[in-house]
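What follows is one structure encoded as structure tokens, with my remarks underneath.
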Amino acid sequence: MFFASDNWAGAHPAINERLLRESTRFAAAYGTSDLDRAVEARFNEIFEREVSVFFVATGTAANSLALASVARPGGVVFCHSEAHVIEDECGAPDFFSGMRMVPVEGPLGKMNMKNLEARMARYPEDAVHHGRAAAITMTQATEVGSVYTLDEIAAIAQTARAHGLPLHMDGARFANALVALDTTPAEMTWKRGVDILSFGGTKNGCWCAEAIVFFNPEMARELPFIRKRTAQLFSKSRFIAAQFEAYLKDGLWLELATHANAMADRLRDGISGSNSARLAWPTQSNEVFAIVPIDTMKKAHEKGAKFYDWLEPRDMSEPAGEGEMLIRLVTSFASTADDVDAFLAAIG
Numbered sequence: 002m003f004f005a006s007d008n009w010a011g012a013h014p015a016i017n018e019r020l021l022r023e024s025t026r027f028a029a030a031y032g033t034s035d036l037d038r039a040v041e042a043r044f045n046e047i048f049e050r051e052v053s054v055f056f057v058a059t060g061t062a063a064n065s066l067a068l069a070s071v072a073r074p075g076g077v078v079f080c081h082s083e084a085h086v087i088e089d090e091c092g093a094p095d096f097f098s099g100m101r102m103v104p105v106e107g108p109l110g111k112m113n114m115k116n117l118e119a120r121m122a123r124y125p126e127d128a129v130h131h132g133r134a135a136a137i138t139m140t141q142a143t144e145v146g147s148v149y150t151l152d153e154i155a156a157i158a159q160t161a162r163a164h165g166l167p168l169h170m171d172g173a174r175f176a177n178a179l180v181a182l183d184t185t186p187a188e189m190t191w192k193r194g195v196d197i198l199s200f201g202g203t204k205n206g207c208w209c210a211e212a213i214v215f216f217n218p219e220m221a222r223e224l225p226f227i228r229k230r231t232a233q234l235f236s237k238s239r240f241i242a243a244q245f246e247a248y249l250k251d252g253l254w255l256e257l258a259t260h261a262n263a264m265a266d267r268l269r270d271g272i273s274g275s276n277s278a279r280l281a282w283p284t285q286s287n288e289v290f291a292i293v294p295i296d297t298m299k300k301a302h303e304k305g306a307k308f309y310d311w312l313e314p315r316d317m318s319e320p321a322g323e324g325e326m327l328i329r330l331v332t333s334f335a336s337t338a339d340d341v342d343a344f345l346a347a348i349g
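According to the numbering used here, the stretch in the sequence shown is residues 2 to 349, in order.
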């Protein structure tokens, strides 16, 4: 009953097998191998256009370097108030980009457009004392399990374009959002106005594989130097490429995300019918948030369930009552129906 995070899951056997095969051969270093080039070309196919791809090791690195590539002196970056870049990355995006993350409120983990416009109005181009707008970053799927619709993505992109700003998407759970919307990678990104994507694989069955994708290669000219200076250019980068090769082959990445989302649906259905717990808000990806009695939570822990208690969002419509607690449950490619059913039984 491991629902603490999809980061707790291991790696998919197909990815392990591909890494094992790669470990027995020689290949050019620093991203110049045939495998690196082949996987970069595969990204072009997936996104239906020529893109520039840079492999890194972590999602924090992907987000930080992507934003560093569009940095401006005195720049500020607008993001949701609960986004990973502002809450969970120890200031790395600020450190590497030299810019500040500015929070934008909005329900269910998504930036409210009026709030975004109001925030942006506080940072005009000539506001030398306060700083100036430099970029917008959005999380897909969000930190609270919701998913921006295609129209919502397009609306944020339109605002970014109106102000001459690049739009970055944090896609740590990109595949989960993609299958939740039943759309294509192109439709969820550049066709809606996204400029740069942090493409996550680690949470969805890879061992250690993230990529920064630029939909306009001209925007990526500084990234090779930024990646090198931040120690993210691996001499044996082909081992990240090998993971992506297996991950993207025959749609494996979408199968894994579809399974994780299905297990989350099973959790949602079970909690909805529970006498002891209730869903905190609707989610669409592989994260589920529930309100449970504290005693029930302790009993579930004692029976082996792993999950996190969670800080209530400021705009939560029905907060936990006395003797209750908000918890987060995350399913993964490795979650099973038996795991879900055992947890549901544990909470009654």
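Note that beta-carbon positions come from the ideal geometry of N, C-alpha and C, so glycine has one too.
No experiment lies behind these values; they were computed from the predicted model shown.
Return the CA-CA distance between residue i and residue j, expressed in angstroms with no decimal places.
i	j	result
Val148	Phe56	25 Å
Asp171	Leu234	20 Å
Ala335	Met100	38 Å
Leu182	Thr150	7 Å
Met220	Ser70	8 Å
Glu18	Asp251	15 Å
Ala301	Ile328	12 Å
Ile272	Ala278	6 Å
Ile241	Gly322	46 Å
Ala30	Arg239	8 Å
Glu303	Ile157	44 Å
Glu16	Glu23	Looking at the sequence itself, residue 16 is Ile, so the reference to Glu does not match. Cα-Cα distance, rounded: 11 Å.
Thr297	Gly274	16 Å
Pro225	Val145	33 Å
Trp282	Thr231	38 Å
Asp342	Glu41	40 Å
Phe200	Phe175	7 Å
Val1	Glu211	Nothing in the structure corresponds to residue 1, since the chain is present only between 2 and 349.
Arg50	Lys192	10 Å
With DSSP as the reference, label residue i as helix, strand or coil.
i	result
Ser199	strand
Leu36	helix
Ser53	strand
Phe3	strand
Lys237	coil
Tyr248	helix
Asp339	helix
Val331	strand
Arg1	Any property of residue 1 remains undetermined from this structure, which presents the chain solely from 2 to 349.
Glu211	strand
Val289	strand
Asp95	helix
Leu312	coil
Glu88	helix
Arg279	strand
Met112	coil
Met326	strand
I believe residue i touches residue j by the beta-carbon criterion, under 8 Å. Please report the beta-carbon distance rounded to the nearest angstrom.
i	j	result
Ala67	His169	5 Å
Glu325	Val293	7 Å
Phe216	Thr185	The Cβ separation is near 14 Å, so there is no contact.
Ser286	Asn113	That belief does not hold up - the Cβ atoms of Ser286 and Asn113 are roughly 20 Å apart, past 8 Å.
Phe4	Lys204	At roughly 13 Å, the Cβ-Cβ gap does not stay under 8 Å, so Phe4 and Lys204 are not in contact.
Val78	Tyr124	Not confirmed; about 10 Å, so no contact.
Ile197	Val180	Wrong, their Cβ atoms sit about 22 Å apart, outside the cutoff.
Trp254	Leu20	16 Å between Cβ atoms; not a contact.
Pro94	Ser65	5 Å
Asp1	Ala261	Since the displayed the chain opens at 2 and closes at 349, residue 1 lies outside it and no answer follows.
Val103	Ile154	At roughly 20 Å, the Cβ-Cβ gap does not stay under 8 Å, so Val103 and Ile154 are not in contact.
What are the start and end residues of the alpha helix (DSSP H) that includes residue i?
i	result
Asp270	Leu253 to Ser273
Asp296	Ile295 to Glu303
Ile348	Looking at the DSSP string, Ile348 is not in any alpha helix (DSSP H), and its letter there is neither H nor E.
Lys229	Leu224 to Arg230
State the start and end residues of the unbroken beta strand (DSSP E) segment that holds residue i.
i	result
Met102	Arg101 to Val105
Ala135	Arg133 to Thr140
inquiry  = Could you tell me which whole beta strand (DSSP E) segments of length 3 or greater appear in the region 42-86?
reply    = 53-57 and 76-81
message = Quick check on the DSSP output: what are the complete beta strand (DSSP E) runs of length 3 or more inside the region 147-206, in order along the chain?
response = 168-172 and 197-201
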